[in-house]
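Down below is the structure, laid out as structure tokens.
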Amino acid sequence: MRIDIVTIFPAIFDALDVSLLGRAKQNGIVDVRVRDLRDHTHDRHRTVDDTPYGGGAGMVMKPEPWGEALDAALERTDDPVVIFPSPAGEVFTQSLARQLSEERHLVFGCGRYEGIDQRVFDDTAVRARVRLVSLGDYVLNGGEVAVMAMLEAIVRLIPGVVGNPRSLVEESHEDGLLEYPTYTKPPVWRGREVPPVLLSGNHGEIARWRRQQQVERTRRVRPDLLDED
Ligand code: ADE
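Shown next as structure tokens:
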């Protein structure tokens, strides 16, 4: 998968070189290109923002550097998806992560300040599938950290990235429920015992217990997940 990221803070993405994402990069599973938005400015101060038309607080990112940077990212590609992280977007879910993990080319545009000139979205939508995506109902200072989170969720779903594919199936959100609690050795730690059913060797009982734990935990912590359908 090819991944382009447009940002005014390229250094934040140095962290992509470690851990699972780093390995996926080294193995050639993902080809990541981080692009500095300021390389597409043409004034001495490398200006990327300006005051909003109509007044109001904060600054808006100018369309010209974005236009150029996205032109470069979208050169010689076919059917890319361009994602702008934004608290005004659709909510990022495991299902969206899975959908995006099947794409060939993702472009992420990290906005800062009060947002990006609307014409950038409109202009990009003519050439690519554009999605505004929010991590959740809170406001970050910019899209960079949101993109790191999305990338971690997306890239681990690409076949060959996570060693044991079964671990992808048995985790929170894959079946609409939260994950069951997990335990490892020793059987007693600080007086706390592992639930005996897990030591029983009875796989049917273990599966039933785990399911029950998932439903209970989901009902307690995230009842909204049970309401949905
Ligand atoms: N940028 C600022 N806040 C955000 C959020 N909640 N999700 C994604 N991108 C953002």
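Under the numbering used here, the first residue of the sequence shown is numbered 3, with each subsequent residue one higher. By construction, the Cβ of each residue, glycine as well, lies at the ideal position given by its N, Cα and C atoms.
Alpha-carbon to alpha-carbon, residue j and residue i
| i | j | result |
| --- | --- | --- |
| residue 48 | residue 11 | 13 Å |
| residue 72 | residue 121 | 13 Å |
| residue 109 | residue 74 | 11 Å |
| residue 197 | residue 218 | 16 Å |
| residue 3 | residue 33 | 6 Å |
Coarse secondary structure for residue i, derived from DSSP in three states
| i | result |
| --- | --- |
| residue 9 | strand |
| residue 138 | coil |
| residue 41 | helix |
| residue 181 | coil |
Any non-hydrogen atom of ligand 1 within 7 Å of residue i CB
| i | result |
| --- | --- |
| residue 148 | yes |
| residue 136 | yes |
| residue 84 | no |
| residue 8 | no |
| residue 62 | no |
| residue 115 | no |
| residue 145 | yes |
| residue 54 | no |
| residue 141 | yes |
Whole-angstrom C-beta distance between residue j and residue i, which should lie under 8 Å
| i | j | result |
| --- | --- | --- |
| residue 170 | residue 151 | Contact flag wrong, Cβ pair sits at about 17 Å. |
| residue 183 | residue 215 | 6 Å |
C-beta atoms of residue i and residue j nearer than 8 Å
| i | j | result |
| --- | --- | --- |
| residue 99 | residue 156 | yes |
| residue 31 | residue 163 | yes |
| residue 63 | residue 124 | no |
| residue 145 | residue 86 | yes |
| residue 76 | residue 127 | no |
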